[in-house]
Every structure is written in structure tokens, then in C-alpha cells.
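In the numbering used here, the protein residues as written are 3 to 371. Backbone N, C-alpha and C fix where the C-beta goes; we use that ideal spot for every residue, glycine too. Keep in mind that this is a model prediction, so the values were computed, not measured. In what follows, a single structure is set out as C-alpha cells and then discussed.
What follows is the structure, given as C-alpha cells:
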């Protein structure tokens, strides 16, 4: 299903598909990846801040990826000629992006074609085009694309569609009528298409509203483990292409999440909310029902979005969520409240004393008159 690849890769193999500048031997090889806090020999690393240049150049790494605009600094680094005997330096506009592409060399998701004999299926599949793991249960009229990988103990309902190259990890449940696009990854124990939290109260009793809709997940979406995406009450819960959903996220019925958005862990999105394209919802953000979040919005951790429209390009903090600058100003006042309260009490005492003094003067003037 998922295999870790061991072997040597050369810089030349790496840069063939990217426009990089290189200092040093293009034939130099590396056999693993490292981060700055634990650099291993013969590894590839990347940096994005100038303060780490010396650390990277003096490290055990065989290959270092720098931002393009670091090239002038690195080329004039003291002892660079000696360093280039043991290292190859790559300059690329986005080092972390290049690092992510390299990481795919070390992890393969190519299917081991075949349907395990313990699989229970109401649908017929070509075992030469997909991999289905042990004890998985598949309903009727399910359609699987080419090179789909389905792990063990997965439960897939009737009329589900799963696109090419999608990976479904163990113990995922996909309810009936849901659609998952191409190149998606659904991690373990996540539930797609469960009923939403919809009830109506009549005379003190809560009655369930049946959810008749579905979930549609477009291409290139990844959903972490232990998350839940509820089906629409009537209509569709939609996650658009390229969006990434973290672990432990709740997406309620009839929600729409735009393209290339990031939803971090423990976010809860209530029913009927709309989240735009290229949005970042940081950890533990709460989004109220029927809230509309524009495109390119960033919402800071633990913020609470109320049922209103938030315009494009906003940066939001706090509960209720507000413009980040306004929040910072409000926070500054909030943390000064004890001091301001003390000053106000002192001012009230001063005013009372002054008032008493004036009243006494007035009384004396009246008596003497």
C-alpha cells in the first residue's frame, strides 16, 4: 500500500524538472532528508532564513537548498571552496516546496494490485487496476478509478465514486452516494457522509431531520485522521480541489470549503457555512452556521466567527472575530484594565475630595455673608 523507498538520489536527478541554480557537483548523491534540528550525514536539507546559513554550510548534509536571493551571500561565504568539496548547494525560489517534492521520492503510494479474499463487496472490480485490503466492506454500484488504494477495514456504502490514484487508509467509513475525486488522501478513522446534527424541537422533544444529501470531495484533497464530513441535509457538502483538512476536524452539513484552503486541527464548521478559496483556519477556530468567509482570509487560532460575511483578504482574530489590528488594540486595553480601574478609583477619590472642599468653601462663604 504505502512503501518507504531506500536508495541514493543525485542532485542531477532532482533538478531535471526544476529551474534551479547549483553550486558544486550535480552528481552528488543523498539518501535521506533532514531538518535543521537533527541533520544526518548524506542528507538533503533546506533553509529559508539567513541566520541558518552557517549552520547549514557547516553541517553533515550533502545537499542544501537555499532561497534564490541567498546566492550572493553563500557564494562569498568564508571557506566556500572547501565546503563545495563535500556539499552541493541548490538555489530555488521556494526551498520548502522543492523539499516537499523530494520527500515524495522516499514514499511511494503505488498499489499492490489485487482484492484481498476477505473483502465483502456488492460491486465487481478489476483486481489489476486497484488494491483493496483485508476485511473491507463495499456496497453496491461503487465505482473505483484506476490505481485506487483502499486499506483494511474500510466501509464504503452504495453508489460511492472514488477517482483515480486516491488512497483510503484503514478504518475509513464512506457513506452511500458520496463522491471523492482523483489524487485524494483520506486518513484512518475518518468518516465521510454521516448525518449532520440536524433536529427540530416540537413541544420540548427533539426530532431528527433526515439527511438526504451527499458529500462531494474534489480532486487533490487530503483529509487527516479522525475527522468527520457530514452529508448535506438536502443538497451537498462540498470540499473543493486542493484543500487540506487536518486531523480532528468537524465539517457540518451543507458546508462549502473553497479551493486550496487549509483547515487545521480541532476546527469546527457549523451547517451551511461557506469558506472561500485560499483560506487558512488555524487550530480550534469555530465557524458559526451560515457564516460566509471570503477568499484569501486568515483566521487565527481559537477565533470564533459569527453568522456574518467576512470580506476577502481579511486577517481575523478573537471571539467574536474581528480585524486583527482592532483585536490587538482591544487586547492592549484589556490587559491594562486593572491599572485603568485603579487610576479611575484614584480619580474618583480626588474628584470627591475636591467636591467636598468646594462645598465646604461655599458653606463658609454663605455663613460669613
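Note that the C-beta distance between residue 243 and residue 221 is below 7 Å. The stretch 203-266 is shown to contain no whole alpha helix (DSSP H) run of 4 or more residues. Sequence-distant Cβ neighbours of residue 94 in its own chain, meaning closer than 7 Å and more than five residues away, are 20, 22, 67, 70, 100. For residue 113, there is no enclosing alpha helix (DSSP H), as DSSP gives it neither H nor E. Ranked by how close their Cα comes to the Cα of residue 92, the residues 192, 76, 334 have 76 in first place. Here the alpha carbon of residue 26 sits roughly 11 Å from the alpha carbon of residue 84.
Around the beta carbon of residue 310, fewer than 16 other beta carbons lie within 10 angstroms, which makes this residue exposed. In the three-state scheme derived from DSSP, where H, G and I count as helix and E and B as strand, residue 15 is classed as helix.
The DSSP-derived three-state label of residue 54 is helix. Rounded to whole angstroms, the Cβ separation of residue 284 and residue 307 is 12 Å, and the two are not in contact under 8 Å.
Contact annotation: residue 317 and residue 326 have beta-carbon atoms nearer than 7 Å.
The three-state reading of DSSP puts residue 139 in strand, counting E and B together.
For residue 104, the enclosing alpha helix (DSSP H) starts and ends at 97-105.
Nearest neighbour of residue 293 by Cα position, chosen from 108, 142, 81, 257, turns out to be 257.
For residue 152, the closest C-alpha among the options 177, 121, 43 is that of 121.
Contact annotation: the stretch 55-64 does not touch the stretch 117-135, with fewer than three C-beta pairs closer than 8 Å. Between the C-alpha atoms of residue 107 and residue 96 there is a straight-line separation of about 18 Å.
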